[in-house]
Amino acid sequence: MIKKLRGMEDIFPGGKLDSRKFLKLADSCREVAEKYGFHYIETPILEETILFKRSVGESSDIVNKEMYHFLDRGGRDICLRPEGTAGVVRSFIENRLDRQGKVYRFWYFGPMFRYERPQKGRYRQFHQFGVESFGEGSVYEDIQTIGMAKEILEKLEIPYKLKINSLGCSQCAPTYRQKLLQFLESHREELCPDCQRRIETNPIRTLDCKNPSCQQILENAPKLQENLCSSCHSEFTQLKKGLEQLEIPFEVDSHLVRGLDYYTKTTFEFIGVGEGVGSQNAIVGGGRYDKLVEYLGGKPTPAVGFAIGIERILELLSPQKEREGVYLGALLEEGVPKLLEWAQKMRNNGEKVTINFQIKSLKSHLKSADKGGFKKVAIIGEEELKNDTIFEKEL
Ligand SMILES: [Zn+2]
Ligand SMILES: [Zn+2]
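In my numbering, the protein residues as written are 4 to 398.
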C-alpha cells in the first residue's frame, strides 16, 4: 500500500480533518472578508525561491530549515510557497497595481508547505486563509483588519485573546534595535544558544524566545512601546482607542514580534483559549508591513494583513452534531424509478437529498438514516406509489 507523506493529511468527511468542517471554516472566512470589501486573489503555489528568501528573510527558520525548494527541469530554483503574503505582493507589483494609486483589498485561501516536525495541529501541507490590504496607511485600516479577524473567530464561536504591539517604523525601529543589542550583549552569556545566534541575525526575535530563563532575562529588556517615535506612539494610542470603541478586548504584549522581517508598526496575534488548546496557540497572526512592496521592487505602498491557520482552528471547532439532510429510499422495486423524481423536487426546494437505491424494509431504512446523521427520512412504499405521495419522518 502506498501511503501519504509524513506530515500531510487527507481531508474527507469523518476524517481527522473533516472536510465538512474544513469547508464551513473556509466559507465563514470568505463571507466575512467579502463583507469588508475584500476580493479573491489566487497566486501560484510554486514561485521562485528568491521571492521567499527576500521577503520572509534569509535569517528566518522558514527559509533556513522549512522550505520545500528544488530545481525544476529547466534548472530554475523554485519553491512550494511557505506562506501567502510574498506571492500576493509579487503579483501586486508584477501586475502594476502599485502604480494605480488605489486601495486594493484581497483575500486568499490555499495550501502552504513547510518542512517542520509534524505535531498536533501542524502539518507539512497546511492551509491558510489570509487578507492583504494595499495602499491605505491609516491606522484605522489596522483597526478594521483586526475587527475582521475577530468577526471570523466569533462567527466560528472560538474564544480568543488578542495581543497587540507596535514594531515602530524606519525612524524608530533602528534606534530601538541598538538599545536592545546593547542589552543583549551585556547578557550574552546567560542567553540560550538560539538567542546568542539571534543577536547576530535577528535580535528582535530574542523577545519571543520560549526558553523560560531567556524570558526572565528579557523581562528587563528595553520595551518597544517605550521607544516609539512620536508618530508611531500616537498611532499606537489611536489603535488602542479604536479597539476599545469596537469593544474588542486586547492586551499589549511587548514581546510580541513577528517571525517575518518586513513587518512595521501594528502587529497582532489572536490566541485560541478554548478547550482542547493545550498550549496557548496563535491562530491568527498579522500586522502592518509598509516596507515590503518597495523592498520587492514596487512603488512604496503601505500594507496590512493577517493569516489564519486553518488546521489549527479545525481542532478547536466542536464536532458536527446537528443532523442534516434528507435520506430518500424505496420499499419496493417499482418505487426505485420514482426516487430521482422525488429527489429533484426536494432539491429544487433547497433540501440536501441523499438517495439509497437499495430496496429495504422501513425499519432498515430508518436505521441507515439514523446512522448516517440525517435529519429527515422520506420513503416510497406501495401506498405512496399508488397515490403519488411520499412518507416523511423527522429524526
Ligand atoms: Zn516610528
Ligand atoms: Zn533564548
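No residue lacks a Cβ here, since even glycine has one placed at the ideal position from N, Cα and C.
Ligand 2 site residues, beta-carbon cut 7 Å against heavy atoms: L194, C195, D197, C198, T209, C212, N214 and C217
Q228 beta carbon near ligand 1 (any heavy atom closer than 8 Å) = no
The beta strand (DSSP E) spanning K379 covers which residue range? K379 to I383
| Roughly how many whole angstroms lie between the Cα atoms of A224 and D197? | Approximately 17 Å, taken between the alpha carbons.
| query | According to DSSP, what are the bridge partners of T270? | reply | N168 and G290
Determine the DSSP secondary structure at A179, reduced to helix, strand or coil.
First, the amino acid is wrong: residue 179 is Tyr here, not Ala. Y179: helix per DSSP, three-state reduction.
* **Inter-stretch contact (C-beta, 8 Å, three-pair minimum) for the stretch 226-241 and the stretch 159-169** => Verdict: yes, contact present.
Taking the runs of the alpha helix (DSSP H) that are 4 residues or longer, which of them lie wholly in the stretch 194-254? 196-204, 215-221 and 233-248
* Any heavy atom of ligand 1 closer than 8 Å to the Cβ of S234? -> Yes; taking the cut-off as 8 Å, the Cβ of S234 has a heavy atom of ligand 1 nearer than that.
Check: CB of Q128 to nearest heavy atom of ligand 1: below 8 Å?
Finding: In this structure, Q128 has its beta carbon at no less than 8 Å from each heavy atom of ligand 1.
**Asked** Roughly how many angstroms separate the alpha carbons of K294 and Q248, rounded to a whole number?
**Response** 29 Å
Review point. With distances taken between CB atoms, is the gap from I96 to L299 smaller than 9 Å?
Key: yes
- Query: In chain order, which continuous runs of the alpha helix (DSSP H) of length 4 or greater are located wholly inside the stretch 87-133?
  - Reply: 88-97
ask   = What three-state label does DSSP hand V307 in the structure shown?
value = strand
Item to complete: Closer than 6 Å by C-beta to F25: which residues in its own chain qualify, once you throw out the five before and the five after it? Chain order, please.
Response: I14
Query raised in the report: Considering only the beta carbon of each residue, do G87 and G133 sit closer than 9 Å?
Result: Cβ distance < 9 Å, so G87 and G133 count as in contact.
query: By the 10 Å Cβ neighbour count, where 16 or more other Cβ atoms means buried, how is T148 classified, buried or exposed?
result: buried
Pairing CB atoms from the stretch 116-129 with CB atoms from the stretch 209-219, are three or more of them under 8 Å? Counting Cβ pairs under 8 Å, fewer than three are found: no touch.
Notebook entry, point to check: Does the beta carbon of Q174 fall short of 8 Å from some heavy atom of ligand 1?
Noted result: yes
**Prompt:** Rounded to the nearest angstrom, how far is the Cβ of Q131 from that of M115, given a contact under 8 Å?
**Reply:** 5 Å
### Task
Assign F271 to one of two classes, buried (16 or more other C-beta atoms within 10 Å of its C-beta) or exposed (fewer than that).
So F271 counts as buried.
Segments of 3+ residues assigned as beta strand (DSSP E) that fall wholly inside the stretch 337-368: 356-359
| said: If distances are taken between C-alpha atoms only, which option among S58, E50, A285 and D145 comes closest to Q241? | reply: D145
Start and end of the alpha helix (DSSP H) containing V296? Counting along the chain, the alpha helix (DSSP H) containing V296 begins and ends at L295 to Y298.
Under the three-state reduction of DSSP, which class applies to L20: helix, strand or coil? strand
> D80 to H72, Cα distance in whole Å?
Replying inline: 7 Å
Check your understanding: Thinking just about the alpha-carbon of each residue, which of Q347, L335 and I316 is nearest to the one in L20?
Key -> I316
- prompt: If you run the structure through DSSP and keep just helix, strand and coil, what is G10?
  reply: Residue state, collapsed to three classes: coil.
Look up K2 in the DSSP assignment and say whether it is helix, strand or coil.
What the structure shows of the chain is the stretch from 4 to 398, and residue 2 is not part of that stretch, so it cannot be assessed.
**Prompt:** By Cβ distance below 6 Å, which residues in the same chain neighbour D256 in space, the five residues on each side in sequence not counted?
**Reply:** K166 and N168
Discussion item. Distance check for K355 and L334, CA to CA, integer angstroms please.
Written reply: 21 Å
Quiz item: Exposed or buried, L398, counting other C-beta atoms within 10 Å across all chains shown (16 or more means buried)?
Solution: A residue is called buried when at least 16 other Cβ atoms come within 10 angstroms of its Cβ; L398 does not meet this threshold and is exposed.
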